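With my numbering, letter number 27 in the sequence shown gets 8, and the count goes up by one each step, no holes.
Ideal placement from N, C-alpha and C gives every residue a C-beta, glycine not left out.
The structure displayed is predicted, hence computed values, not measured ones.
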Amino acid sequence: MKYHKLKAGETTGTYVMESPVTEADILRMAQQLAMSRLSKGRALTEPKQVFSHLQTLLQYHEHEVFALLLLDTKHRVIGFRELFRGTLDGASVYPREVVKIALEHNAAAVIMVHNHPSGDPEPSQADRTLTATLKNALNMVGTRILDHVVVGHEGCVSLAERGYL
C-alpha cells in the first residue's frame, strides 16, 4: 500500500511530501518502510538496524504482541509474522504454534520479538523462561533462535546480547 503524499526525492533514501501529513500518516509510513526493510529475501547484517525496524513495527501497540522474524540458512528474511496478541502486560505464547510456523516456512533460524506496552524493554523472568522453552522446542526441529528482542518506547533489549541464549 503506497501513500500518494510521499514520493521519492532526487537523492536515494530521501522523500518529498506532496501535501501535509498527520502524525498518523508518518507512523504508518514508518511502519511500511520498516516492513519493506524486513521483506522477503533481505539479508540481515546489522543487528541495530533490525532492532530499529522491529521497534518501529511494535512499539505503539497498546497490547503485547509476539512475533517471529523467519530466516533462511543465510539469514535472509523469509517473513515477519505476528503470532499472538495479548493484554496490556502479557501474551500467551504456545510453543507448538511457534514450531508449526517455523516448519511451515521452512525457517532455518528465527528472531523472536515482542513488545512491552509499558514502554520499558527490560526482559522479565517470564520472557527469559519463554526464550528457554522455545529454544528447546525449536532445537528439536533444527531451527535456531538467533535472538529474542523485547521492544519498548525506550528502545530494544536483546536477550542474546544479555547472554540468555
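Let me know if residue i comes out buried or exposed under the rule of 16 or more other beta-carbons within 10 Å of its beta-carbon.
| i | result |
| --- | --- |
| Ser139 | buried |
| Gly(-10) | exposed |
| Pro104 | buried |
| Leu51 | buried |
| Gln30 | exposed |
Starting from the C-beta of residue i, find all residues in its chain whose C-beta is less than 6 Å away, skip the five residues before and the five after it, and write them out in chain order.
| i | result |
| --- | --- |
| Ala118 | Pro76 and Val80 |
| Gly133 | His97, Gly100, Asp101 and Pro102 |
| Ala141 | Asp128 |
Can you tell me where the beta strand (DSSP E) with residue i in it begins and where it stops?
| i | result |
| --- | --- |
| Asp53 | Asp53 -> no beta strand (DSSP E), and no H or E assigned at all. |
Consider the C-beta atom of residue i and the heavy atoms of the ligand GTP; say whether any pair is separated by less than 7 Å.
| i | result |
| --- | --- |
| Gly123 | Inclusion of the ligand GTP in the displayed structure is not the case, the ligand content being empty and no account of it being possible. |
Using DSSP's beta-bridge definition, name the partner residues of residue i.
| i | result |
| --- | --- |
| Ala(-11) | Tyr(-4) |
| Ile126 | Val91 |
Can you check which of these residues, the options, is closest to residue i by C-alpha distance?
| i | options | result |
| --- | --- | --- |
| Gln112 | Asp128, His34 and Pro102 | Residue identity differs from the one stated: residue 112 is Thr in this sequence, not Gln. Considering only alpha carbons, the answer is Asp128. |
| Leu39 | Met93, Tyr145, Leu25 and Thr124 | Met93 |
| Ala90 | Thr(-8), Thr54 and His34 | Thr54 |
Here's a check: name, in chain order, each residue in its chain whose Cβ is nearer than 7 Å to the Cβ of residue i, leaving out the five neighbours to either side.
| i | result |
| --- | --- |
| Ile82 | Leu49, Arg62 and Leu64 |
| Asn120 | none |
Leaving out the 5 sequence neighbours to the left and right, which residues in its chain are closer than 8 Å to residue i when beta-carbon positions are compared?
| i | result |
| --- | --- |
| Glu78 | Leu64 and Phe65 |
At which residues does the alpha helix (DSSP H) containing residue i begin and terminate?
| i | result |
| --- | --- |
| Val79 | Pro76 to Glu85 |
| Ser33 | Pro28 to Leu39 |
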